[in-house]
Amino acid sequence: MSSTTTTIPPPSSLIRLAILEADTPPAGTHARYNGYRGVFTHLFTRALASPSQEPLSSYLTITAHDVVNISPSDPYANYPFLSEIDAILITGSKHSAFENDPWILTLTEFVKKAITKGDAENGGRTIKVIGVCFGHQIVGRALGQTVERNERGWEISVTRVGLTEAGRGIFKGREDLKIQQMHRDHVVGVPEGAQLLASTDVCENQGFIIPGKVLTVQGHPEFTVDIMEELLESRRAIGLFNDELFGSGVERNKVDDGLFIAQAFYRFLLQD
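Residues in the sequence shown are numbered consecutively from 3, following my numbering.
Here's what the structure looks like:
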């Protein structure tokens, strides 16, 4: 999946990562991986593989939290306690982050709390926040940015994103990355205190970083060729993609830098 990876040794102590599942994967993907926790576990397992074959459990403990199906009487019942985790990762979703469904508003408030007050509830240690696609947009919204439908349309399948100076710093001097995409919403502008990581002609904000606190990407490093193939097929079947868009996606559904990006996620999680 990834064209460039390196070996990362296990940390001195495990990182407790909570996956906030903002959707259920398509049927075939869900059957194979059992939700987005499984998809991201598969990603990190491959990205952190080492010659000495330490298991993923030497690096991360991963928990999954359904943030869509919430209880009106206790909307945070499915969420982790900030005092019991080191980081959260908000997944992608078929939903739009600018919508005002109760679960989206709850998620946005939780993310804002994790960013602004997480250390107060975690013994002074910062809660790291990673956002992927919809998750990137939720983080942008939580930090006061507008999220809206992109008038330039869809970005799908493997897409080259050009890195900024900050992006080159995060991704080891690379000038660009190839990353799977599946979105037509975008974050307008960059939050105060954040640095833009990458851009394309279609979507200027392809991710941002607040050093030591937040790291987001608009694309999907967790998507494999098979996952993208299922998404392309299913969205053509319901008429969301025409033949031209579908064909373009199929043609570009090849090698990407997902594992390399996941390693950058992990290095971010290790930062003090």
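A virtual CB, placed ideally from N, CA and C, is assigned to each residue, including glycine.
Treat the numbers as computed from the prediction; the structure is a model and nothing was measured.
Neighbourhood of G146 by C-beta, 7 Å cutoff - its chain only, sequence neighbours within 5 removed: P193
Complete runs of the beta strand (DSSP E) confined to the region 213 to 256 [at least 3 residues]: 216 to 219
Buried or exposed by the 16-neighbour rule on C-beta atoms within 10 Å, applied to F42: buried
Extent of the continuous alpha helix (DSSP H) run through A116: P104 to K119
Chain-order list of residues whose beta-carbon lies under 6 Å from that of F136 (same chain, five-residue window excluded): A24, G94, S95 and A99
Contact between the region 200 to 207 and the region 227 to 235 (3+ Cβ pairs under 8 Å): no
Cα-Cα separation, M3 to N244: The predicted position of M3 is uncertain, since its pLDDT is 45 and thus under 50; no value can be drawn from it.
Proximity below 8 Å, CB of H67 to CB of I106: no
Beta-carbon proximity of S52 to P11, cut-off 8 Å: yes
Inter-residue spacing [alpha-carbon to alpha-carbon] between M184 and N255: 12 Å
Beta-carbon gap between G260 and Q182 smaller than 8 Å: yes
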